Amino acid sequence: MSDEGITVVRSTRMTSILHPPDPPRRRSQPESSIRRSATRGLRSMVSGWTTILRRRLPPWLWRTAMGLVVLLVAVVTFGLFAVVGLQVALRFREVGVPELAGQTVQEATVRLGEAGLSVRIEPLTRIHPTIPAGNIAVQDPAAGLTTRSRRSVKVWLSSGPSAGSILALIGQSERGARERLEEDALHLRAIAEIRSGRYPTDSVVAQEPPSLGAGSTVGILINRGERGATYVMPDLIGVHGARLEEVLRARGFRVSVVGDHPYPGVEAGVVLRQFPRAGFQIAHGEAISLEVSQ
Numbered sequence: 057m058s059d060e061g062i063t064v065v066r067s068t069r070m071t072s073i074l075h076p077p078d079p080p081r082r083r084s085q086p087e088s089s090i091r092r093s094a095t096r097g098l099r100s101m102v103s104g105w106t107t108i109l110r111r112r113l114p115p116w117l118w119r120t121a122m123g124l125v126v127l128l129v130a131v132v133t134f135g136l137f138a139v140v141g142l143q144v145a146l147r148f149r150e151v152g153v154p155e156l157a158g159q160t161v162q163e164a165t166v167r168l169g170e171a172g173l174s175v176r177i178e179p180l181t182r183i184h185p186t187i188p189a190g191n192i193a194v195q196d197p198a199a200g201l202t203t204r205s206r207r208s209v210k211v212w213l214s215s216g217p218s219a220g221s222i223l224a225l226i227g228q229s230e231r232g233a234r235e236r237l238e239e240d241a242l243h244l245r246a247i248a249e250i251r252s253g254r255y256p257t258d259s260v261v262a263q264e265p266p267s268l269g270a271g272s273t274v275g276i277l278i279n280r281g282e283r284g285a286t287y288v289m290p291d292l293i294g295v296h297g298a299r300l301e302e303v304l305r306a307r308g309f310r311v312s313v314v315g316d317h318p319y320p321g322v323e324a325g326v327v328l329r330q331f332p333r334a335g336f337q338i339a340h341g342e343a344i345s346l347e348v349s350q
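Residues in the sequence shown are numbered from 57 upward in steps of one, following the numbering used here.
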């Protein structure tokens, strides 16, 4: 071999050593082939277990088990379809409540009719500083909420920036009267109380003044109900608390010992203070608080 040939061979060998060829790459199996292989393996496993169970179980037991499986699958499928169908039906029956504030009753009726709803006008009016009298001031449900179709939306009409009619509080409960005054931007000046069997308990029986304007204050008279038999609170100081507590509870009073204090020369459990004090009137069911010595 000539020197030139030897040089070429050496050059080729040096090139292979310095720059070795890339190792052969393994061809990745397509994802679809992996899925098909996994599916075939799962089917084979299920088929194998089914065959084993079928051979080992009596024919009647096998048929019963298969029937129960089919029935269970049918029940689950029916239940899923029923739940989905009910949700779809309820969703299609729900509609959004439009904004009605400031509109006339006629405009609100048309707009609600387009949404499949109706309007119901409440008898009481609301004071509003900007909405003209006769237009809608408040609505329930509020705008933006959803409700079922064919339902009615309650609306309260505005009486304008001032109330032109008598604010009817008589007959309402104390809580209802407070809420109404707050909604109409009115201030509750005072509350007086009576006890009578002629009116409902905890209801407004009178108000002053009868005619109000925006920013007015009002006083109300509340009936607390007819009072039953009353007793004069005796002097309990110095009496043993435990025995006294039993006697008072047997008479229908609520008794509680609210504290105990050391007192020189007095045995433990003796009443040192009482509330209500001696001489006050008290009725059945009212609370009596006692402080006893330690």
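Quick reminder that beta carbons are idealized off the backbone N, C-alpha and C, glycines included.
Since the model is a prediction, treat every value here as computed from it, not as a measurement.
To the nearest angstrom, how far is it from the Cα of G172 to the Cα of E342? Counting from one through the sequence shown, the residue named residue 172 turns up at place 116. Counting from one through the sequence shown, the residue named residue 342 turns up at place 286. Answer to the nearest angstrom: the Cα atoms are 54 Å apart.
In whole angstroms, what is the alpha-carbon distance linking G123 and G135? Residue numbering aside, residue 123 sits at position 67 when the sequence shown is read from its first letter. Residue numbering aside, residue 135 sits at position 79 when the sequence shown is read from its first letter. Answer to the nearest angstrom: the Cα atoms are 18 Å apart.
Nonlocal neighbours in the same chain, by C-beta distance under 7 Å from L225, ignoring five residues either side: Along the sequence shown, one-based indexing puts residue 225 at 169. A233, R236, V260, Q263 and I276.
Evaluate contact between the region 149-165 and the region 188-200, counting only Cβ atoms and requiring at least three cross-stretch pairs below 8 Å. yes
Under the rule that 16 or more other beta-carbon atoms within 10 Å means buried, what is S84, buried or exposed? Residue 84 sits at position 28 when you count from the first residue of the sequence shown. Residue placement at S84 is flagged as unreliable, the pLDDT there being 47, under the threshold of 50; the coordinate-derived value follows with that caveat. With fewer than 16 other Cβ atoms within 10 Å, it is exposed.
For D316 versus S345, is the C-beta distance shorter than 8 Å? To locate residue 316, count along the sequence shown from 1; it is residue 260. To locate residue 345, count along the sequence shown from 1; it is residue 289. No, these two residues do not count as a Cβ contact at 8 Å.
Quick one: measure Cβ to Cβ for L223 and A193, integer angstroms, because I've assumed they're closer than 8 Å. In the sequence shown, residue 223 corresponds to position 167, counting from 1. In the sequence shown, residue 193 corresponds to position 137, counting from 1. Contact doesn't hold; Cβ gap of about 15 Å is too wide.
Quick check: what's the CA-CA separation for E301 versus V311? As a first step, residue 301 must be located in the sequence shown, where it is residue number 245. As a first step, residue 311 must be located in the sequence shown, where it is residue number 255. Rounded to the nearest whole angstrom, the C-alpha separation of E301 and V311 is 6 Å.
Please state the DSSP three-state secondary structure of V194. The residue given as residue 194 occupies position 138 in the sequence shown. Of the three classes helix, strand and coil, the one that applies to V194 here is strand, per DSSP.
Closest residue to S174 among R207, F309 and T202 (Cα-Cα distance): Counting from 1 along the sequence shown, the entry for residue 174 is found at position 118. Comparing Cα-Cα distances from S174 to each of R207, F309 and T202, the minimum goes to R207.
Taking only runs that begin and end inside the region 272-322, name each unbroken alpha helix (DSSP H) of 4 or more residues, in chain order. 297-306
Local Cβ density within 10 Å of G182, reported as buried at 16 or more and exposed below that: Taking the sequence shown and counting its residues from 1, the one referred to as residue 182 is at position 126. In the sequence on display, residue 182 carries Arg and not Gly. Residue burial is scored here from C-beta neighbours: R182 has at least 16 other C-beta atoms within 10 angstroms and is therefore classed as buried.
Can you name the residues that DSSP bridges to F331? Reading the sequence shown from its first residue, position 275 is the one you call residue 331. Answer is S345, bridged to F331.
I'd like the span of the beta strand (DSSP E) that includes Q263, first residue to last. In the sequence shown, the residue the question calls residue 263 occupies position 207. Residues S259 to E264.
Work out the CA separation of V326 and G297 for me, nearest whole Å. Position 241 of the sequence shown holds residue 297. Position 270 of the sequence shown holds residue 326. If I take the Cα positions, the gap works out to 5 Å.
Checking 8 Å against the spacing of the C-beta atoms, do A339 and A285 come in under that value? The residue given as residue 339 occupies position 283 in the sequence shown. The residue given as residue 285 occupies position 229 in the sequence shown. For A339 and A285, yes; Cβs fall inside 8 Å.
Look at the Cβ atom of G216, then the Cβ atom of P188, and state whether they are nearer than 8 Å. Position 160 of the sequence shown, counted from the first residue, corresponds to residue 216. Position 132 of the sequence shown, counted from the first residue, corresponds to residue 188. Their beta carbons are under 8 Å apart, which means G216 touches P188 by this criterion.
How should Y255 be labelled, buried or exposed, when 16 other C-beta atoms within 10 angstroms of its C-beta is the threshold for buried? Walking along the sequence shown from the start, residue 255 turns up at place 199. Looking at its Cβ environment, which holds 16 or more other Cβ atoms inside 10 Å, Y255 is buried.
Cut-off 8 Å between Cβ atoms - residues of its own chain near P318, not counting five sequence neighbours on either side: Sequence index remark: in the sequence shown, residue 318 carries index 262 (1-based). Cβ neighbours of P318 beyond the five flanking positions: S349 and Q350.
When you compare each of F137, P179 and D258 to A248 by their alpha carbons, which one comes out closest? Numbered from 1 along the sequence shown, position 192 holds the residue referred to as residue 248. Distance check between A248 and each of F137, P179 and D258 places D258 closest, using alpha-carbon atoms only.
H243 burial status per 10 Å Cβ neighbour count (16 or more: buried): Mapped onto the sequence shown, residue 243 falls at position 187. Exposed, because fewer than 16 other Cβ atoms sit within 10 Å of the Cβ of H243.
Same chain only: Cβ atoms within 7 Å of R149, ignoring 5 sequence neighbours per side: Here residue 149 corresponds to residue number 93 of the sequence shown, with the count starting at 1. Hits under 7 Å: R204 and S205.
Report back the beta-carbon spacing between E355 and V314 to the nearest angstrom; my notes put them in contact at under 8 Å. For residue 355 there is no data in the structure shown, the boundaries of the chain being 57 and 350.
Taking 8 Å as the cut-off, decide whether the C-beta atoms of A241 and V211 are in contact. Position 185 of the sequence shown, counting from 1, holds the residue named residue 241. Position 155 of the sequence shown, counting from 1, holds the residue named residue 211. No.
When you compare only the Cα positions, how much space is there between E178 and T186? Reading the sequence shown from its first residue, position 122 is the one you call residue 178. Reading the sequence shown from its first residue, position 130 is the one you call residue 186. E178 and T186: Cα-Cα distance of roughly 20 Å.
Nearest candidate by alpha-carbon position, reference Q330, set G294, G321 and V322: For the purposes of this step, residue 330 is taken as residue 274 along the sequence shown, with counting starting at 1. Nearest of G294, G321 and V322 to Q330, Cα basis: G294.
Is T203 helix, strand or coil when you go by DSSP? In the sequence shown, residue 203 corresponds to position 147, counting from 1. T203: strand per DSSP, three-state reduction.
V161: first and last residue of the uninterrupted alpha helix (DSSP H) it sits in: On the sequence shown, position 105 is the one that residue 161 refers to. V161 -> alpha helix (DSSP H) spans V161 to E170.
Output the distance between the C-alpha atoms of F309 and F336, rounded to the nearest integer angstrom. What you label residue 309 is simply residue 253 of the sequence shown in a count that begins at 1. What you label residue 336 is simply residue 280 of the sequence shown in a count that begins at 1. Answer to the nearest angstrom: the Cα atoms are 14 Å apart.
Which class does A138 belong to by DSSP, given the choice of helix, strand or coil? Here residue 138 corresponds to residue number 82 of the sequence shown, with the count starting at 1. Looking at A138 - three-state DSSP - the assignment turns out to be helix.
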